[in-house]
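Take any residue in the sequence shown, count from 1 to its spot, add 23: that is its number in the working numbering.
Here a beta-carbon is modelled for each residue, glycine too, at the ideal position from N, C-alpha and C.
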Amino acid sequence: MEAYPIYEVIDKEFDDFEDMGTKSKFWYSDSKTGQQYLFKSTHTEDKHHNPVIRPGEDWAEKIACENEKDYLQEIVAKAQQKE
Numbered sequence: 024m025e026a027y028p029i030y031e032v033i034d035k036e037f038d039d040f041e042d043m044g045t046k047s048k049f050w051y052s053d054s055k056t057g058q059q060y061l062f063k064s065t066h067t068e069d070k071h072h073n074p075v076i077r078p079g080e081d082w083a084e085k086i087a088c089e090n091e092k093d094y095l096q097e098i099v100a101k102a103q104q105k106e
């Protein structure tokens with residue numbers, strides 16, 4: 024099975040918080056490539072600053088992302104066939 028890459032998020036690459044949604048997340052830029060990524064942690068706090076852990080949510084995000092990439096690749100391939 025092919026492993027997915029693991030990226031180290033460095034504090035100095037932090038750009039800005041993402042306000043949309045109910046869960047904490049932020050944008051950061053890779054210092055080597057300049058590409059931006061959205062980081063969504065499975066660890067967060069509630070309004071009383073109690074830790075909240077959402078097990079399995081990282082896997083759900085990854086599955087959704089991979090499914091969408093496959094779908095988009097199909098759309099692009101079909102569009103190129105029509106050209």
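Option nearest residue i by Cα separation, candidates the options
{"i": "Q59", "options": "Y30, P74 and D81", "result": "Y30"}
{"i": "I76", "options": "E84, T65, E89 and D69", "result": "T65"}
{"i": "A83", "options": "D69, K63 and K105", "result": "K63"}
{"i": "D69", "options": "D53, S47, E80 and N90", "result": "S47"}
{"i": "P78", "options": "T56, D53, T67 and K55", "result": "T67"}
{"i": "F49", "options": "L61, I98, M43 and K55", "result": "L61"}
Residue i burial status per 10 Å Cβ neighbour count (16 or more: buried)
{"i": "Y27", "result": "exposed"}
{"i": "Y94", "result": "exposed"}
Start-to-end residues for the beta strand (DSSP E) that takes in residue i
{"i": "Y60", "result": "Q59 to K63"}
{"i": "K70", "result": "Run containing K70: none; DSSP gives neither H nor E here."}
Reduced DSSP category for residue i - H, G, I as helix; E, B as strand; rest coil
{"i": "I86", "result": "helix"}
{"i": "V75", "result": "strand"}
{"i": "K105", "result": "helix"}
{"i": "Y30", "result": "coil"}
{"i": "K55", "result": "coil"}
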